[in-house]
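Reminder that position 27 of the sequence shown reads as 31 in my numbering, one-by-one numbering, no gaps.
A virtual CB, placed ideally from N, CA and C, is assigned to each residue, including glycine.
Encoded as structure tokens, the structure appears first; notes follow it.
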Amino acid sequence: MIDGRDVDVIRFCEMAKLDIDKADAQVMLGCTLAACRVNAVDKAKAWSKGVAKSKPLFEQAIKTCMANKVVL
């Protein structure tokens with residue numbers, strides 16, 4: 005992701021209407037991290053459910069979001 009473009013990432017994630025159960029975990033990670041960076045807690049928590057199926061990606065999401073004071 006490009007710095008400062010988190011709002012655009014969130015917008016595209018919303019436009020795509022991603023199915024949390026079927027979407028690729030890396031796609032969901034991008035959406036989750038963007039939401040964490042702009043403190044969109046509800047969106048980050050919702051999208052993190054799609055990341056949870058991959059333990060390494062979920063751990064990365066937790067670390068990054070905690071750095072932004074967002075608890076998943």
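If you draw a 10 Å sphere on the C-beta of residue 44, you find 16 or more other C-beta atoms in it, and that means buried. Taking all protein chains in view, the Cβ of residue 7 is surrounded by fewer than 16 other Cβ atoms within 10 Å, so the residue is classified as exposed. If the five residues before and after residue 40 are omitted, its C-beta is found closer than 7 Å to the C-beta atoms of 48, 68, 69, 72, 74, all from its own chain and listed in chain order. Of the residues 22, 65, 23, 42, the one whose Cα lies closest to the Cα of residue 12 is 42. For residue 10, the CB contacts under 6 Å within the same chain, skipping 5 residues up- and downstream, are 38, 41, 42 in chain order. In this structure, the CA atom of residue 76 is about 22 Å from the CA atom of residue 19.
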